[in-house]
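Asks: Structure provided below as structure tokens; questions to follow.
Residue numbers (my numbering): 7 to 262.
In structure tokens:
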């Protein structure tokens, strides 16, 4: 019994310690954003890495997500004679929920893990220590461009995901299953308002900040050795995925 209490206490202290370190890290990053100069070359390179290199994955995933929603939605709606509601169903599902969440998860799997591993390798090979020795701020030089790039690319990739998903649903619901093309887009445009679009944008911004924050933190403070980098990468992906789903609920409950 005493050992269990000790384990619970140790777990609580470790959790609080880790949460505090992450909070201090995030605060430092946010402050360094407003400290000149801006690392323009690093920012462009990170935008290319997170954004353009994830584009094909986002297009592929978005297309099949929209196709699956349309296929299953058409089957369900046909039972109640509501096939004309297929457009709003696909559009709202992608704009409000699935677009921001799935695009963030895909970017986490492709770019977030790579960023954690890159920073982790820089840590264990003492490249980050070398920057500090040269009186360079490693957070300003390495982390801030990643954070800004994530805030820029996540909403854009979400927009691509939603657009491709809507047309993927159109190909299945209208071209394959014989639904009405006019009803698909007309009902969608009347059902989806600006508040729905802004909800997707807010979620994408929040998810971009979460992925950049957690991925950079775990890589920046990775333990020594290859095993430490491996553990940091795994923990970063898992934590990002969990936080994305948790924050998706809270943002949705606030903006519903």
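By construction, the Cβ of each residue, glycine as well, lies at the ideal position given by its N, Cα and C atoms.
(1) Whole-angstrom Cβ separation of residue 235 and residue 130, contact assumed at under 8 Å?
(2) To which residues of the same chain is residue 246 closer than 7 Å at the C-beta, ignoring the five residues directly before and after it?
(3) So, residue 18 versus residue 123, is the Cβ gap smaller than 8 Å?
(4) Just to confirm my understanding: we take residue 57, look at its own chain, exclude 5 residues before and 5 after, and list those with CB closer than 6 Å. What are they?
(5) What's the C-alpha gap between residue 227 and residue 125?
(6) Could you tell me if residue 47 is buried or exposed, where buried requires 16 or more neighbouring beta carbons within 10 angstroms of its beta carbon?
(7) Can you give me the C-alpha to C-alpha distance between residue 86 and residue 177, rounded to a whole angstrom?
(8) With H, G and I counted as helix, E and B as strand and the rest as coil, what does DSSP make of residue 93?
(9) I'd like to check one pair, residue 45 with residue 147: are the Cβ atoms closer than 8 Å?
(10) Look at the alpha carbon of residue 137 and the alpha carbon of residue 9, and state the distance between them as a whole number of angstroms.
(11) I'd like to check one pair, residue 106 with residue 164: are the Cβ atoms closer than 8 Å?
Replies: Result, derived from the coordinates:
(1) Confirmed, Cβ separation roughly 6 Å.
(2) Here the set comprises 114, 118, 216, 217, 220 and 221.
(3) Taking 8 Å as the Cβ cut-off, residue 18 and residue 123 do not qualify as a contacting pair.
(4) Cβ neighbours of residue 57 beyond the five flanking positions: 159.
(5) Answer to the nearest angstrom: the Cα atoms are 9 Å apart.
(6) Here residue 47 is exposed: its Cβ has fewer than 16 other Cβ atoms, across all protein chains shown, within 10 Å.
(7) Between residue 86 and residue 177, the C-alpha separation is close to 22 Å.
(8) Of the three classes helix, strand and coil, the one that applies to residue 93 here is helix, per DSSP.
(9) Against a cut-off of 8 Å, the Cβ pair of residue 45 and residue 147 comes out as a contact.
(10) Looking at the backbone, the Cα of residue 137 and that of residue 9 are separated by about 43 Å.
(11) It is a contact, given that the beta carbons lie within the stated cut-off.
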